[in-house]
Amino acid sequence: MIFRQLFDGVSCTYAYLIASRRGGEALIIDSVLGKVDRYLRLLKELDLKLVKAVDTHVHADHITGLGALRDRTRCITVMGRESGVDVVSMRVSDGDPIAVEGIELRALHTPGHTDDSYSFVMGDRVFTGDTLLIRGTGRTDFQNGDPVTQYDSLFNKLLKLPDETLVYPAHDYKGDTVSTIGEERAHNPRLQVSSVQEYVTIMDNLNLPNPMMMDVAVPANLRVGLAQDEIDARGWSLDCDAAKSLLGRADAVLVDLRDKTERESHGEIPGSVHAPYPELDEHIGAGGLLHELAAATGKRLVFYCAYGERSAMAVEAAQGAGLGNSCHIRGGIDAWIKAGGPLAGGAPPPS
Ligand SMILES: [Fe+2]
Numbered sequence: 062m063i064f065r066q067l068f069d070g071v072s073c074t075y076a077y078l079i080a081s082r083r084g085g086e087a088l089i090i091d092s093v094l095g096k097v098d099r100y101l102r103l104l105k106e107l108d109l110k111l112v113k114a115v116d117t118h119v120h121a122d123h124i125t126g127l128g129a130l131r132d133r134t135r136c137i138t139v140m141g142r143e144s145g146v147d148v149v150s151m152r153v154s155d156g157d158p159i160a161v162e163g164i165e166l167r168a169l170h171t172p173g174h175t176d177d178s179y180s181f182v183m184g185d186r187v188f189t190g191d192t193l194l195i196r197g198t199g200r201t202d203f204q205n206g207d208p209v210t211q212y213d214s215l216f217n218k219l220l221k222l223p224d225e226t227l228v229y230p231a232h233d234y235k236g237d238t239v240s241t242i243g244e245e246r247a248h249n250p251r252l253q254v255s256s257v258q259e260y261v262t263i264m265d266n267l268n269l270p271n272p273m274m275m276d277v278a279v280p281a282n283l284r285v286g287l288a289q290d291e292i293d294a295r296g297w298s299l300d301c302d303a304a305k306s307l308l309g310r311a312d313a314v315l316v317d318l319r320d321k322t323e324r325e326s327h328g329e330i331p332g333s334v335h336a337p338y339p340e341l342d343e344h345i346g347a348g349g350l351l352h353e354l355a356a357a358t359g360k361r362l363v364f365y366c367a368y369g370e371r372s373a374m375a376v377e378a379a380q381g382a383g384l385g386n387s388c389h390i391r392g393g394i395d396a397w398i399k400a401g402g403p404l405a406g407g408a409p410p411p412s
């Protein structure tokens, strides 16, 4: 496994670059905008393809690299369902997997620092964001933070992991790089409490100043969605009503770009074919399944995904590959469900 802990000295943030092999797919956790060039250089040096960029929560002390990484690598951005960001490519709930080739993270909703805070468990280690820090815990006094919820996330979720689990936080201000659940249980001063009330008293009396970057970082981090004006202007976007009128038509094929687990959780548009976004290039290139299908039948390719980001990037790529009859559903299956579009399979959509 390739595992790199990448430090940003300005905000004392750790980003984590993970891949199963050289030449394979990679994901990055908690990227920092100012370090994007460095990440891209490292990806190139290690011959990695960035497939997913994941943030543990909306950060207040630095601007996330999610949007820039997506714009420059066409990767999938991922955050929790509770996050207030305008658009990400994929949202996860507690227990959901986040997979790239040979790697699987399991999302653990650990609110408290913010209401959208997630930790990610990967085998022998956990990425704790700002929920559990080394010998500390993330403050709970802004962004819908709540010490009672954080106590529950710490004691009833993170501390339930095996003691030997490695703890990789989003920040460290002293230079520590890694700990374990057992070590934090024994030595983290914030965890030496005998009741939730005792924890709340500690957290309510920290009297910390707001992060210097907060007024800039939070609004910027809430607007990470892909700019799609040009795709709309070129006539490559369909609204849900236009997409509904294509259902059952022989001259169009709906292409679902989401991961298998997203399809299973949220259902799919009836009659659509599945072509996961990370495999798009091979499908739309000459000889690829979608390329040949469109060429042989003249069918219009109608891409869709969860929120319209992957499909917007896909239609741009497909047009570039000569599939001039392709388009996408603006807003993805989220908009489709809100517009009352029919679904096949899947669990009930999240409320
Ligand atoms: Fe934070």
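Numbering (my numbering) for the sequence shown: 62 to 412. Cβ atoms here follow ideal geometry from the backbone N, Cα and C, with glycine treated the same way. The model shown is predicted, which means the values in this text are computed figures rather than measured ones.
N-terminal and C-terminal residue of the alpha helix (DSSP H) that residue i is part of
i	result
D213	208-217
G243	242-248
A356	350-358
I159	Segment 158-161 is the beta strand (DSSP E) holding I159; no alpha helix (DSSP H) there.
V277	275-282
S372	370-381
T175	Counting along the chain, T175 falls outside any alpha helix (DSSP H), and DSSP gives it neither H nor E.
D265	257-265
Cutoff 6 Å; reference residue i; Cβ partners in own chain excluding five residues on either side
i	result
S412	Any reading at S412 is ruled out, since the residue's pLDDT is 47, under 50, leaving its predicted position unreliable.
Y212	V257, Y260
T416	With the chain covering 62 to 412 only, the question about residue 416 has no answer from this structure.
K221	none
D224	I242, G243
P410	At P410 the pLDDT is 48, less than 50, meaning the model places this residue with poor confidence and gives no usable figure here.
M264	T201, P208
A396	C301
D191	H174, G199, A231
R65	L78
N386	R361
W297	V376, C388
Cross-strand partners of residue i (DSSP beta bridge)
i	result
Q66	Y77
F364	V316, H389
K110	E86
G190	P230
F181	A168, F188
R152	M140
S298	H389
E340	E340 is not bridged to any residue.
V334	V316
E329	A405
G197	L194
T125	V93
V115	I90, V139
Counted within 10 angstroms of its Cβ, other Cβ atoms place residue i as buried (16 or more) or exposed
i	result
S240	buried
S306	exposed
H335	exposed
H248	exposed
T189	buried
Y179	buried
E106	exposed
A87	buried
D488	Nothing can be reported for residue 488: it is not among the residues displayed for the chain, which extend from 62 to 412.
Y368	buried
S154	exposed
K235	exposed
D276	exposed
L127	buried
L215	buried
L169	buried
V71	exposed
T171	buried
Interface flag, residue i vs chain D, CB-CB below 9 Å
i	result
G309	Of the protein chains in the structure, only one exists, and it is not chain D.
Neighbourhood of residue i by C-beta, 7 Å cutoff - its chain only, sequence neighbours within 5 removed
i	result
K360	D312, A313, V314, L354
L283	V119, G145, V146, D147
L384	I345, H352, A355, L362
A373	L287, Q289, I292, H389
S81	M62, E162, G163, I164
G402	C301, K305, I330
R196	H248, N249, P250
I137	V112, K113, S150, M151, Y338, R371
Range covered by the beta strand (DSSP E) that runs through residue i
i	result
Y229	227-230
P223	Per DSSP, P223 belongs to no beta strand (DSSP E) and is neither H nor E.
Cβ shell of residue i (< 8 Å), same chain only, five flanking positions each side left out
i	result
D176	E143, Q204, N205, G206, D207, T210
G406	R324, E325, G328, E329
Ligand 2 heavy atom lying under 8 Å from the CB of residue i
i	result
G126	Of the ligands this structure carries, namely ligand 1, none is ligand 2.
**Prompt:** Would you call the region 277-294 and the region 144-152 touching, i.e. three or more CB-CB distances under 8 Å?
**Reply:** Look at the beta carbons and you see the region 277-294 touching the region 144-152: at least three pairs across the two are nearer than 8 Å.
**Message:** Pairs of beta-carbons, one from the region 199-214 and one from the region 244-264, closer than 8 Å: are there three or more?
**Reply:** Touching, yes, given that three or more Cβ pairs across the two stretches are closer than 8 Å.
**Prompt:** Counting pairs of beta carbons, one from the region 161-174 and one from the region 313-333, are three or more of them closer than 8 Å?
**Reply:** In the pairwise beta carbon analysis, the region 161-174 is classified as not touching the region 313-333: fewer than three pairs are separated by under 8 Å.
**Prompt:** Is it true that the region 351-371 meets the region 114-124, where meeting means three or more beta-carbon pairs spaced less than 8 Å apart?
**Reply:** By the criterion of at least three beta-carbon pairs nearer than 8 Å, the region 351-371 is not in contact with the region 114-124.
**Request:** Say whether the region 227-235 touches the region 73-92, bearing in mind that this needs 3 or more beta-carbon pairs closer than 8 Å, one atom from each stretch.
**Result:** Flag = yes, the region 227-235 and the region 73-92 touch.
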